[in-house]
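Numbering (the working numbering), first residue to last: 401 to 511. Have a look at the structure below before the remarks.
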Amino acid sequence: MSFRFQIDHLDHDGLLIETFDPVDLRWDYRLREKGTIWYKLALSDPLLTRDQIASRKTDWQLNLLVDEIDVFPLAAGIHTAVNMKSEEGVIEVYGADWLEWLDQPYPFPDT
């Protein structure tokens, strides 16, 4: 049996933008508190383009793939920050689960 993680990038309507394999990944789930995610994507990934990640403008969904067949969603939320680390050849992406929406005015400002 094999396991690996993938991250779907979605627009706010839930439509898939692209699916990525993270280079590095950390996430936490907290009962009754906001969960977070942090991951890196390789700048050399041919699927990566400028409009696929934007702070407060795109969403994420962490999936567990089992035997490259079964997909299990583990967590989801909104991207909160994106940092290019060109010296490392990666983009660092931060996010929070859906409780983040409660900390923001509605609708999100266009910034």
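C-beta atoms are modelled at their ideal positions from N, C-alpha and C, and glycine is treated no differently. As the structure is a prediction and not an experimental result, all values here were calculated from the model.
{"query": "Local conformation of Y443 per DSSP, three classes", "result": "One detail in the question is off: residue 443 reads as Leu in this sequence, not Tyr. In this structure, L443 counts as coil in the three-state DSSP scheme."}
{"query": "When F420, S486, D411 are compared against R445, the one with the closest alpha-carbon", "result": "It should be pointed out that residue 445 corresponds to Asp in this sequence rather than to Arg. Nearest option by C-alpha distance: F420."}
{"query": "Assigned secondary structure, R404 (DSSP; H/G/I helix, E/B strand, else coil)", "result": "strand"}
{"query": "Beta-carbon spacing of E492, K440 below 7 Å", "result": "yes"}
{"query": "Rounded C-alpha distance that separates W427 from R404", "result": "14 Å"}
{"query": "Reduced DSSP secondary structure (H/G/I, E/B, other) of R450", "result": "helix"}
{"query": "Distance cut-off 6 Å: D497 Cβ against heavy atoms of the ligand FAD", "result": "By its list of ligands, the structure shown contains no ligand whatsoever, and the ligand FAD lies outside what it can speak to."}
{"query": "Reduced DSSP secondary structure (H/G/I, E/B, other) of E468", "result": "coil"}
{"query": "Spatially closest choice to L464 from T449, R456, L425, by CA coordinates", "result": "L425"}
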